[in-house]
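Enquirer:
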Amino acid sequence: MTAKALSGFAALILGVALLAAAPFAVNDYYLGLGVDLASYTVLATAWALFSGPTRYISLATAAFFGIGAYAMATLWDKLPEPAVVALAALLGVGVALIVGLSTLRLRGVYFVIFTFGLAELIHQLVSWHETNFTHTVGRYIYLDISSSQIYWQLLGLAVLVFSVGWLIGRSRLGLALRVIGDDEVVARHVAINTTTAKLVLFAVSAGFISATGAVMAPRWTYIDPNIAFNPLVSFQVVIMALLGGAGRLHGPILGVVPLVLVSEVLSAHFPQSFLIILGIVFLVIVYFLPDGVAGLIERWRAGTRRSERSRAVNVPFAGGALLELHNVRKAFGGLVAVDDVSLAIAAGEILGLIGPNGSGKTTALNLISGVLRSDGGEIRFKGRSIGALPSHEIARLGIARTFQLVRVLGSMSCLDNVVAGLAFRADPLWGEAARERAVALLDRVGLAPRTNVPAGQLTYIDQKRLELARALALEPELLLLDEWLAGLNPRELGVGIDLVQSLRKDGLTIVLVEHVMDAIRSLCDRCVVMNAGRKIADGPPATVLTDDAVITAYLGAAAHA
Amino acid sequence: MRQLGFALAAAAAAALYAGNPAVAQDKIKIGYVVAKSGPNAPGAGITTIPNYKLWVTDVNAAGGINVGGKKMQIEVVEYDDQSSTEEAVKGIERLATEDKVDLILPPWGTGTNLAVAPVIAKYGYPHLAVTAATDMAPEMVKRFPNSFWFLGTSSQGADALVEVLNKLKAKGLGTNIAMVSVADQFGIELSKAARPALDKAGFKLVYDKSYPVTTQDFAPIINEAKAANPDAFVAFSYPPDTFGLTGTAIALGFNPKVFYTAVGTAFMVYKDQFKDNVDGVMGVGGVNPDTPEMQAYFKHHKEVTGQDADRWASPVTYASLQILQQAIEKVGSLDKQKIADAIKAGEFDTVLGKVKMVNNIRQDVWWAGQWQGGEFYGLGPTSIAGAKEPLFPKPDWKK
Amino acid sequence: MVAFDIVLSGVILGGTYALIALGLTLQYGVARIMNLAYGELLIAAAFGAYWLFVAKAVSPLTGLIVVIPVAFALNWLIYRFLLTPLVRRAKSRDALEADSILATFGMLFIVQGGLLVAFGGQYYSDRFLQSAVIILGDTVEANKLVTAAFAIVASLGLYLALTHTRAGTAIRAVAVAPGSARLVGIDVERLSAFAFALGGALSAAGGVLVSMSLLFSATSGVLFTMKALIIAIMGGAGNLLGSLVAGLILGIAEIAVARLIDPGLTIAINFVLFLAVLLIRPAGLFGRAAA
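Residue numbers (my numbering), protein chains in the order written: chain Y, 1 to 561; chain C, 562 to 960; chain L, 961 to 1251.
1. Mind listing which residues of the segment 804 to 815 of chain C have their C-beta closer than 8 Å to chain L's C-betas, in chain order?
2. When you compare only the Cα positions, how much space is there between L:A1135 and Y:F403?
3. Using 7 Å as the threshold, is the C-beta distance between L:A908 and L:G1207 below it?
4. Bridge partners of C:E908, per DSSP?
5. With a 10 Å radius around its C-beta and 16 neighbouring C-beta atoms as the bar for buried, classify L:S1140 as buried or exposed.
6. What does the Cβ neighbour count give for Y:R305, buried or exposed, with the cut at 16 atoms within 10 Å?
7. Here's a check: name, in chain order, each residue in its chain whose Cβ is nearer than 7 Å to the Cβ of C:N784, leaving out the five neighbours to either side.
8. Going along the segment 1168 to 1201 of chain L in order, which residues come within less than 8 Å of chain C, judged by CB to CB distance?
9. Which parts of the segment 207 to 264 of chain Y are runs of the alpha helix (DSSP H), unbroken and 4 residues or longer, counting only runs that do not cross its ends?
10. Looking at the strands, I want to know which residues DSSP matches up with Y:M530.
11. Could you name the residues of chain Y that L:I1070 contacts, counting a contact when the two beta carbons are closer than 8 Å?
12. Check each residue of the segment 735 to 752 of chain C: if its Cβ is closer than 9 Å to any Cβ of chain Y, include it; give the result in chain order.
13. If you compare alpha carbons, which of Y:P82, Y:A96, Y:Q457 and Y:A69 is closest to Y:W47?
14. Mapping the DSSP letters down to three states, classify Y:F317 as helix, strand or coil.
15. If you draw a straight line from the C-alpha of Y:V529 to the C-alpha of Y:I113, how long is it?
16. Less than 6 Å between C-beta atoms, sequence neighbours within five positions excluded: which residues of the same chain meet that for Y:A83?
17. Taking Cβ positions, are C:K761 and C:D792 nearer each other than 7 Å?
18. With a threshold of 16 other CB atoms inside 10 Å of the CB of C:E654, please say whether the residue is buried or exposed.
19. Tell me the rounded alpha-carbon separation between Y:V313 and Y:L499.
20. Are L:I1003 and L:S1115 close, meaning C-beta to C-beta below 7 Å?
21. Helix, strand or coil for C:D769? Go by DSSP, reduced to three states.
22. Between which two residues does the alpha helix (DSSP H) carrying Y:R373 extend?
23. Just to confirm before moving on: does the CB-CB distance between Y:E378 and Y:S385 stay below 7 Å?
24. Do the segment 266 to 281 of chain Y and the segment 183 to 193 of chain Y meet, that is, are 3 or more Cβ pairs less than 8 Å apart?
25. With 7 Å set as the bound, which would you pick, yes or no: does the beta-carbon of L:A1218 sit closer than that to a beta-carbon of chain C?
26. Flag L:P1138 as yes if its beta-carbon sits less than 7 Å from any beta-carbon of chain C, otherwise no.
27. Thinking C-beta only, is C:S798 closer than 7 Å to C:A962?
28. Since C:V743 sits in a beta bridge, which residues does DSSP pair it with?
29. What are the boundary residues of the beta strand (DSSP E) that C:T690 is part of?
30. With a threshold of 7 Å between beta carbons, is L:E1000 in contact with chain C?
31. Chain C beta carbons: is any one of them nearer than 7 Å to that of Y:I227?
32. In angstroms with no decimal places, state the Cα-to-Cα distance between C:K661 and C:Y593.
33. Which runs of the alpha helix (DSSP H) fall wholly inside the segment 440 to 517 of chain Y and span at least 4 residues, in chain order?
34. Would you list, in chain order, the members of the segment 979 to 990 of chain L that have their beta-carbon closer than 8 Å to a beta-carbon of chain Y?
35. Exposed or buried, what is C:D642 when buried is set at 16 or more other beta-carbons lying within 10 Å of its beta-carbon?
36. Thinking C-beta only, is Y:G533 closer than 7 Å to Y:G355?
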């Protein structure tokens, strides 16, 4: 460890020790305030563990908090308190898994809606159970526990949540979440099982929130569903975390402290205005501080960083891939985008997939890469049916692609973009090994000078190269290039064509969707032409490009070569 | 040498100052945290806050409370608990440790009072819980010996109602009861106590459902209750649902011979809302309006606060404050423990008549009342002085 | 008879729900704004109707004449000044949805806080048109019938307007493909503002009508928003008839659960249905699959 890291660590320990000593120095009122600060710190940081990187705004905090509180209310006299807290955490994890499995597959916004009402749903279920089966509604907790003890437990939880957050941030899971937050489609195409990643984080976050609820419950003595499942808790946690900045581990606490103090002052003197002020704070965050206070501080202190280059390394590619489409069909309402298309690709081939706009080429690629599921027909890769597989599994099997509208992970550096491709494939690379390979790949596509530049700042051509590097990082057997050569000037086109040729030499099988006829002629062994969803020609470029049907499709009925 | 001298002098002065009970106290600082916003605000705004203000006005107008020969006026510190128990607990802590009040008055609502009981006890204050009715009361007294519970237990409430219904059998009341309760501490406790009591008295529950606190539409419940053809309809409800259920029952023409809604029925705004239709409606609470103390109280309440007192917990609130004052005067100081002891042992003159706490719980709590001729009379428990004969059957709703 | 009871009450309740959701369908489907403050504005309209009724003796039905244009203008202003900056800076539809959730979240607090300051925490109701109407032996309150009827007329009327007029087609184009709509000369921003304002006006109408029959308070908004969101998404974003059908289904389901199982599980059934639809038909009952 470096001296700087050591001194940072020592400062942390000192800080925690000082905080732990606080109860001996302050009166009960300030201790109560301390308890609030500690509990919201845990809640907001735990919330940001999941919602920060994935950008899924979870409004379910009150639900998990209430579950924890109720666990304590039910079991306080049956088990020792720490055991109840642990049990509450497990319960929170369990419920999060159930909720997550049902909803994390859906688009982000549906998740938000669902969590919006989740606290109310669980509230009703608990009420119903208590009313009809136990015939109580409130439960009493006569636990002999002082505010100081609660404070220390919360402090312990805070240390734990920060530690867990730090470890995750450095792990592959953390990278997976950042990729998901940036572009979920890309995440799936670098073989990240997005559902699992989100689920794990959601569950971890929920566990902490439930534990906090269990620890806090004895403060109120009397718990009923209204008290335990208070939606305002969810909303306040979101505001605190976003104010401080949910993208950084230390962000939420920067929002917790001012808001708890402000709310304390307001509760005492201007309780009516509390909600209005919360709303205004929130609007300020959304319009002027999208990255929160932490983001503001970072931008203010931003500087450039440099890093070293690495030597080029040859990346071997496996060969012998085989892709077959049999009578594949895809319709959107009344529009048949892919109509009964069959084709086969041999290993080592470069196949051109051409046709006028709207002929269904990108749809075909989307069917192969798993973005869409076909309505009929079969897709086989190396003899295995892949039509029903999700994108991340197809990526693992060895199919990689670029997108017509280039999709890079704008908030991450070029290096990290490529590392994302390396970290989740079937034979993953991580840490130093991944960094070395990533640098080599960047070099291969000519992006070595931009290794640490954020991808969002690259030029269009460079973004295309980056996307290619990320696709190559998967070490695929089949590469799908969707109009990768579009928009290049003649010199760049030449470089691009050479690059694609070199890929073939390494044993890659390539499907090229293109409009640039020069590229088709010079690169493709074979061409398949689509028009209005149907395949109308299949053969060597020279033959296909002079075919009557093809010319008619492109130029209209009157023209003939 | 000089420095040592100064230091000693300073130390001596400090010791003297600390040892002295500070500057002579002029006023009694009384604090309370009560719902001024949120769902509990309407209840608190009718029952609790006006009576606190009324009492402070009355006391200060008379020159203050006699504390050991010196008349001290009341200074108030108040906070809004926003209908949240968390805020209520925090508010009490603030009152005790920051504002350092001499006495604390209770918040509104059973749940809130249960929640603040431990923290009030922690700081040694007596806790006169008025707007709290719970079967937990005896246990609370055991744990918090300086807490006092003015509305008794929910079992008493259920028993009182069943007693009244039982007596009505002689007048022709059938045995079919439709019962609904709000899914909250209050509603659950009361319905839980009512079931065996009704069964023992020979009544049959033809409809027994509980509804969530957030219910906005009562037509399904009224329609179903109506379909069960009950002789009596009993709703253990809170102010919003009390109004909702009554309004819907009128609209849908649901006319059982006995119609009982719980909290809120005794509010004057209930009469204002439903006008002639309130005649014959039974509800939780009741008063004996025929005593001179009660009549004077109602008149005075309206004059000073501009609002009508409710016909159940309002006089009880005021009575609790009268008891507090008389206890202070009896003890002659603001010693919290002595005041609590005085309340435990004494008998006090209040607007409710003579009140003596038995095991910290007030006796003779009205639990069943009925609107008759524009006033809400107490019907039961019939053992309380002034219990009126019920009007039976309830006249049909007029549209 | 019980089955008929349930269906009738369910359809009427469903009509109310559908009306509440219509506005959000337009706001989300066309203007792409996930408006979390939707319910607060609806409640604000309910309070407006209540105030008009109690202070000025104006019946809620007449009050509609005032409330609807006011709500339209207010919502248009909200779109123009609060939401347009978000629209301009959003890079994708998903980004706009996320941003609009957050911004309207802030609005939710401000409106709710304002209502609490103005009206306190208690429950209100106009209790207008509460007379009973007998339908085939079943008693129904007249105000609920009016609400359901209004819902059906409004959705059918809007549906016809959207499918048979030029402006309507333009709106549908914006809902389906704003990028392409721009290319054929449609002023997407103006139409989105219009759709948002129209949605707000519809929600205000809903608020006025429900003020007659339901109990509401300054904090009821969240519940309404949740139901509206669930129905709008279940019916397929932007699909008016879909919202109507989804609202009716939800109404019938809630009544059925309340009668046959337990009134305490009504919200549970909301979520069960919501999840079921999303998992089986992610684009909603009548929605088109997202591109």
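All C-beta atoms in this analysis are idealised placements derived from N, C-alpha and C, irrespective of residue type, glycine included.
Expert: Reading it off the structure:
1. F804, G805, G808, T809, I811, A812, L813 and G814
2. Position 175 of the third sequence holds residue 1135 of chain L. Position 403 of the first sequence holds residue 403 of chain Y. Cα to Cα, L:A1135 sits roughly 25 Å from Y:F403.
3. Any answer about residue 908 of chain L is impossible in this case: the structure gives chain L only from 961 up to 1251.
4. Reading the second sequence from its first residue, position 347 is the one you call residue 908 of chain C. Paired residues: C:K917.
5. Start at 1 with the first residue of the third sequence, and residue 1140 of chain L comes out as number 180. That one is exposed.
6. Here the question's residue 305 of chain Y lines up with position 305 in the first sequence. Residue placement at Y:R305 cannot be trusted, given a pLDDT of 30 that sits under 50; the coordinates are not used to answer.
7. Looking up residue 784 of chain C in the second sequence gives position 223. Within the same chain, C:N784 has close Cβ partners L813.
8. S1173, L1174, L1175, F1176, S1177, T1179, S1180 and L1183
9. 225 to 228 and 231 to 244
10. In the first sequence, residue 530 of chain Y corresponds to position 530, counting from 1. Answer is Y:K535.
11. Taking the first residue of the third sequence as position 1, residue 1070 of chain L is located at position 110. Near L:I1070 (Cβ distances below 8 Å), the residues of chain Y are L275, I276, G279, I280 and L283.
12. S742, A744, D745, Q746, F747, G748, I749, E750 and S752
13. As a first step, residue 47 of chain Y is located in the first sequence; it is residue number 47 there, counting from the start. When each option's Cα is compared against that of Y:W47, the closest is Y:A96.
14. As a working mapping, residue 317 of chain Y is identified with position 317 in the first sequence. Low confidence applies to Y:F317: its pLDDT is 32, below 50, so where it sits in the model is not reliable, and the reading given next is rough at best. Correct three-state label for Y:F317: coil.
15. Residue numbering aside, residue 529 of chain Y sits at position 529 when the first sequence is read from its first letter. Residue numbering aside, residue 113 of chain Y sits at position 113 when the first sequence is read from its first letter. Near 44 Å, if we compare the C-alpha coordinates of Y:I113 and Y:V529.
16. By 1-based counting over the first sequence, the position of residue 83 of chain Y is 83. Same-chain partners within the cutoff: there are none.
17. In the second sequence, the residue the question calls residue 761 of chain C occupies position 200. In the second sequence, the residue the question calls residue 792 of chain C occupies position 231. No; because the gap between Cβ atoms is not below 7 Å, this pair is not in contact.
18. Along the second sequence, read from residue 1 onward, the residue named residue 654 of chain C stands at position 93. It counts as buried.
19. Indexing the first sequence from 1 puts residue 313 of chain Y at position 313. Indexing the first sequence from 1 puts residue 499 of chain Y at position 499. Unreliable placement is indicated for Y:V313, whose pLDDT of 25 sits below 50; no coordinate value is reported for it.
20. As a working mapping, residue 1003 of chain L is identified with position 43 in the third sequence. As a working mapping, residue 1115 of chain L is identified with position 155 in the third sequence. It is not a contact, given that the beta carbons lie outside the stated cut-off.
21. Walking along the second sequence from the start, residue 769 of chain C turns up at place 208. Strand at C:D769.
22. As a position in the first sequence, residue 373 of chain Y is number 373, starting the count at 1. Note, Y:R373: premise wrong, no alpha helix (DSSP H); not H, not E.
23. For this step, residue 378 of chain Y is matched to residue 378 along the first sequence. For this step, residue 385 of chain Y is matched to residue 385 along the first sequence. Against a cut-off of 7 Å, the Cβ pair of Y:S385 and Y:E378 comes out as a contact.
24. no
25. Residue mapping note: residue 1218 of chain L aligns to position 258 of the third sequence, counting from 1. Output row for L:A1218: interface = yes.
26. As a position in the third sequence, residue 1138 of chain L is number 178, starting the count at 1. Chain C contact via Cβ: absent.
27. Given that chain C is displayed from residue 562 to residue 960, the structure contains no residue 962 of chain C and the question cannot be resolved.
28. Here the question's residue 743 of chain C lines up with position 182 in the second sequence. C:Y772, per the DSSP bridge assignment.
29. As a working mapping, residue 690 of chain C is identified with position 129 in the second sequence. Per the sequence presented here, residue 690 of chain C reads as Ala, with Thr not at that position. Here the beta strand (DSSP E) through C:A690 covers H688 to A690.
30. Within the third sequence, the letter at position 40 stands for residue 1000 of chain L. Not an interface residue.
31. To locate residue 227 of chain Y, count along the first sequence from 1; it is residue 227. Closer than 7 Å to some Cβ of chain C, the Cβ of Y:I227 qualifies, so yes.
32. Residue numbering aside, residue 661 of chain C sits at position 100 when the second sequence is read from its first letter. Residue numbering aside, residue 593 of chain C sits at position 32 when the second sequence is read from its first letter. Going from the Cα of C:K661 to the Cα of C:Y593 covers about 12 Å.
33. 460 to 473 and 490 to 505
34. none
35. Position 81 of the second sequence, counted from the first residue, corresponds to residue 642 of chain C. Buried.
36. The residue you call residue 355 of chain Y lines up with position 355 of the first sequence. The residue you call residue 533 of chain Y lines up with position 533 of the first sequence. No; because the gap between Cβ atoms is not below 7 Å, this pair is not in contact.
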